[in-house]
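**Q** So the sequences go chain by chain: A and B. Counted from 1, the first sequence has number 36 at position 37 by numbering that gives the first Met the number 0; the numbering is strictly sequential. Counted from 1, the second sequence has number 160 at position 161 by numbering that gives the first Met the number 0; the numbering is strictly sequential. Every residue gets a Cβ at the ideal spot worked out from N, C-alpha and C, and that includes glycine.
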Amino acid sequence: MSIECLQISKAYKNKSLFKDLNIAFEKGICNCITGENGSGKTTLLKIVAGLEKADFGNVRVKGTCTYSGSNPYMLRGTVMENILYPLTLKRQGQQSDLKKVQAMIAQLGLDGLEHREAHSLSSGEKQKVALGRALVWNPDILLLDEPTANIDVETIERIEHILLEYVKDPEHTLLLVSHDLEQARRLSGETWVLKTQGLSKVNPKVL
Amino acid sequence: MAYIIEGIKEAFALLLRGDSEIYQIILLSLLVSGIATLLATVVGLPLGIYTGIRKFPLKRLYGSVLFTAMGIPPVVIGLLVTIVLSRKGPLGTYELLFTPQAMVIAQFLLVLPIVTGILFGTAREKGKHAYELAKTLGANRIECLFLLIKELHSSVLLAIMTGFGRAISEVGAVMLVGGNIRGQTRVMTTFITMNNSMGAYEKSIAMALVLLSISLVINGLSHHITGGKSYVD
């Protein structure tokens, strides 16, 4: 297990999102969380990412972890500079970094946009840049919130293929929030529905 | 009207003659305000950004106090520093009163809330997303700070420019803590005040022209850097 939530609870303005949540997410598969709007899916993901604190309980995360939200923030600079940023933090070799970034751009179908200002992209293109930026440094855990929300069907297939490749590595863990039940069926090793009572594992084929 | 025109003519003559006292005063003014702004930036930049992005109790109150401090009258700062540095004051033994160091301290206290306040406001509005992104991509605290400086660079430059503009143009604090001593603590603003009270308008106008030019350059740079937007935008 690379992510363990131990008795975590969270409330917003006296409304309980979830209470005493106990859950462990498996390595090497895609863990998909679904649920109604306002059920706390994004909050749970942010708690796991360390961006928000649970009111009670602990989260144990083993390994490097990255989070990409549904409305991703673009850094000042080009698409290439955005995707390169995590590699500059890791101080890896400049030449190999550029090759990795170029490969990621090709994989995501962002060819031709390398030198465009990231702020000027459409929301779908921004989603792809954010995904590339999250994947390029090969973290152990990938937390994605609605990664294909504004993306066309063809690109969704391409992204799902990339995500399935990612979880082929037994050391990788993918935790994904999605409203798209078809996507949950296509990707999911495990699908969970978040309710105030907790997370319940479901069979995506019967959703 | 004639004496104003005559004053302007004499002011240009004074500047072109290369009066050493005038240039020494300009240099001291730039040095004192420059050092004070630099020190205020070193402290205020990380403080403003850090407090802007973090959640903590009484943050709204902290913001209100900070924004109030941005408009604190220079003479009040001057009075406080004079009390602290006077012989009977807690730091009297250092004998700093009526020295350029005392002027730097007073202007540092004047500029610090400006730099901190502008960056606090910007980081609170725009810095959170950049900080979260850096954090989730494995950046440490220093790397997060550098990314935020890069992302908020126009506000950072605007804060520095505004702080320097405030320091170089204020008269109350430097008059009280510096004492306007010829050759030692006389700066542009105290020089103008003194000559004005003595009726030596040509000297006042000459220095006012220099001060105005510096202010125009600072404003022009701020305008250029921010693309014509104020930091509130």
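Between A/Leu-5 and A/Gly-56, how many whole angstroms is the CB-CB distance? I'm expecting something under 8 Å.
**A** With 8 Å as the limit, A/Leu-5 and A/Gly-56 qualify as a contact, their Cβ atoms being about 6 Å apart.
**Q** Check whether the stretch 157 to 166 of chain A and the stretch 103 to 115 of chain A touch, using three or more Cβ-Cβ pairs below 8 Å as the test.
**A** Because the criterion of three Cβ pairs below 8 Å is met, the stretch 157 to 166 of chain A and the stretch 103 to 115 of chain A touch.
**Q** Residues in the same chain with beta-carbon distance under 6 Å from A/Ser-38, minus the five sequence neighbours each way, listed in chain order, please.
**A** Closer than 6 Å at the Cβ level, and outside the excluded window around A/Ser-38, lie Leu-193.
**Q** Anything in chain A within Cβ reach of B/Leu-118, meaning under 7 Å, just list it in chain order.
**A** None at all; the shortest Cβ gap to chain A is about 17 Å.
**Q** Assuming A/Leu-95 is part of the beta strand (DSSP E), what are its boundary residues?
**A** Reading the sequence as shown, one finds Ser at residue 95 of chain A and not Leu. First-last for A/Ser-95: 93 to 106, but that is the alpha helix (DSSP H), not the beta strand (DSSP E).
**Q** List in chain order: all unbroken alpha helix (DSSP H) runs of 4+ residues lying wholly within the stretch 35 to 78 of chain A.
**A** If we require 4 residues or more, the alpha helix (DSSP H) runs fully inside the stretch 35 to 78 of chain A come out as 40 to 48.
**Q** For A/Thr-172, decide whether its Cβ has a neighbour in chain B, counting only Cβ atoms nearer than 7 Å.
**A** Chain B, which has no Cβ nearer than 7 Å to the Cβ of A/Thr-172, makes this no.
**Q** Measure how close the beta-carbons of B/Ser-28 and B/Met-187 come, nearest whole angstrom, since I'm counting them as under 8 Å.
**A** Going by Cβ atoms, the distance from B/Ser-28 to B/Met-187 rounds to 4 Å, so yes, they are a contact pair.
**Q** Would you mind reading off the limits of the beta strand (DSSP E) that contains A/Gln-6?
**A** Run containing A/Gln-6: 2 to 11, per the beta strand (DSSP E) assignment.
**Q** What does the alpha-carbon distance come out to for the pair A/Asn-70 and A/Phe-24?
**A** About 24 Å.
**Q** Quick check: B/Val-74 and B/Ala-166, are their CB atoms within less than 7 Å of each other?
**A** Cβ atoms of B/Val-74 and B/Ala-166: not closer than 7 Å.
**Q** Using the DSSP secondary-structure output, state which residues sit across from A/Phe-24 in a beta bridge.
**A** In the DSSP output, where bridge partners are listed per residue, A/Phe-24 has A/Ile-2.
**Q** What residues in the stretch 58 to 72 of chain A have a beta carbon less than 7 Å from any beta carbon of chain B?
**A** Listed in sequence order: Thr-63, Thr-65, Tyr-66, Tyr-72.
**Q** Could you run through the stretch 57 to 73 of chain B and flag, in chain order, every residue whose CB is less than 8 Å away from some CB of chain A?
**A** Per Cβ criterion, the list is empty.
**Q** Can you tell me whether A/Thr-195 is buried or exposed? The criterion is at least 16 other CB atoms within 10 Å of its CB, across all chains shown.
**A** When all chains shown are included, A/Thr-195 counts as exposed.
**Q** Looking only at C-alpha atoms, which of B/Gly-77, B/Glu-142, B/Leu-60 sits nearest to A/Tyr-84?
**A** Residue B/Glu-142 is the option with its Cα nearest to A/Tyr-84.
**Q** May I have a chain-ordered list of the alpha helix (DSSP H) segments no shorter than 4 residues that lie completely inside the stretch 59 to 97 of chain B?
**A** If we require 4 residues or more, the alpha helix (DSSP H) runs fully inside the stretch 59 to 97 of chain B come out as 73 to 84.
**Q** If we call anything under 7 Å between Cβ atoms a contact, is A/Leu-112 one with A/Val-78?
**A** For A/Leu-112 and A/Val-78, yes; Cβs fall inside 7 Å.
**Q** Against chain A, which members of the stretch 137 to 157 of chain B pass a CB distance test of less than 7 Å?
**A** Hits within the stretch, in order: Gly-137, Ala-138, Glu-142, Lys-149, Glu-150.
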